[in-house]
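When you line the sequence shown up against the numbering used here, it's residues 228 to 352, in that order. In what follows, a structure is listed as structure tokens, so that the remarks can point back to it.
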Amino acid sequence: MVELAPPPSEDFQGIWENGLGSQMELSVQGNDVSGIYRTNVGEPTPTEEFDLTGFASGDLITFTVNFGKYGSLTAWAGQHTVIRPGEFEIKTLWHLAKNIAEQNEPKELWSGILAGANSFVRPTP
228 MVELAPPPSE DFQGIWENGL GSQMELSVQG NDVSGIYRTN VGEPTPTEEF
278 DLTGFASGDL ITFTVNFGKY GSLTAWAGQH TVIRPGEFEI KTLWHLAKNI
328 AEQNEPKELW SGILAGANSF VRPTP
């Protein structure tokens with residue numbers, strides 16, 4: 228079987244912001260994505276930075292963030308799209324897994340996964 232090279236990735240590089248004010252700064256090397264994530268929701272302060280890691284292939288992207296001391300991990304998967312010429316968006320779906328204390332798992336484990344959607348755009352200067 229001939230292995231095909233993945234298509235070049237869209238321009239995911241740089242700063243993106245969602246409608247809740249959370250921000251990510253992406254660096255792309257080939258298909259590898261890395262960066263930092265600052266959340267504007269939940270317990271962390273908006274200036275607190277979390278490592279982000281993922282992959283890009285063509286106009287698809289997936290990335291994860293470990294919120295460490297806050298006891299949660301989040302993964303996003305999405306697609307880069309054009310809103311209008313020169314204006315781009317990354318439409319994503321996400322899953323957040325949060326730690327449920329062992330003693331509470333029998334009754335509360337069902338509440339350990341949250342899901343939602345985010346759209347990220349380039350922030351206006």
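From the three backbone atoms N, C-alpha and C, an ideal C-beta is built for every residue, glycine too. All figures in this text were calculated on a predicted structure; none of them were measured in a lab.
Practice task
Would you mind stating whether F282 and I317 have Cβ atoms separated by less than 8 Å?
Solution key: If you number the sequence shown from 1, residue 282 lands on position 55. If you number the sequence shown from 1, residue 317 lands on position 90. Note that the C-beta distance between F282 and I317 is not below 8 Å.
Practice task
Go to E244, then tell me how far its beta strand (DSSP E) extends in each direction, as first and last residue.
Solution key: Counting from one through the sequence shown, the residue named residue 244 turns up at place 17. Segment 241-245, the beta strand (DSSP E) holding E244.
Exercise for the section: Taking only the alpha-carbon atoms, compute the straight-line gap between R349 and P273 and give it to the nearest angstrom. Expected result: Position 122 of the sequence shown, counted from the first residue, corresponds to residue 349. Position 46 of the sequence shown, counted from the first residue, corresponds to residue 273. If you draw a straight line from the Cα of R349 to the Cα of P273, it is about 17 Å long.
Problem - Spatial neighbours of L287 in its chain, beta-carbon cut-off 7 Å, leaving aside the 5 residues before and after - result: Your numbering for residue 287 matches position 60 in the sequence shown. Around L287, the same chain offers Q306 as residues with beta carbons nearer than 7 Å, after the five sequence neighbours per side are excluded.
Exercise for the section: Pull up the CB-CB distance for V260 and F290, whole angstroms please, since I reckon it's below 8 Å. Expected result: Within the sequence shown, the letter at position 33 stands for residue 260. Within the sequence shown, the letter at position 63 stands for residue 290. Yes, V260 and F290 are in contact; Cβ-Cβ is about 6 Å, under 8 Å.
Practice task
Return the residue from the list N258, A302, I327 that minimises the CA-CA distance to F277.
Solution key: Sequence index remark: in the sequence shown, residue 277 carries index 50 (1-based). The option with the nearest alpha carbon to F277 is A302.
Handout entry: Minimum C-alpha distance to E329 - residue among G339, L320, E244
Key = Position 102 of the sequence shown, counted from the first residue, corresponds to residue 329. Residue G339 is the option with its Cα nearest to E329.
Exercise for the section: Taking 8 Å as the cut-off, decide whether the C-beta atoms of A304 and T280 are in contact. Expected result: If you number the sequence shown from 1, residue 304 lands on position 77. If you number the sequence shown from 1, residue 280 lands on position 53. Not a contact, by the Cβ cut-off of 8 Å.
Exercise for the section: Put I276 into one of helix, strand or coil per three-state DSSP. Expected result: Your numbering for residue 276 matches position 49 in the sequence shown. Note on identity: in this sequence residue 276 is Glu, with Ile being the wrong assignment. Here E276 sits in coil by DSSP.
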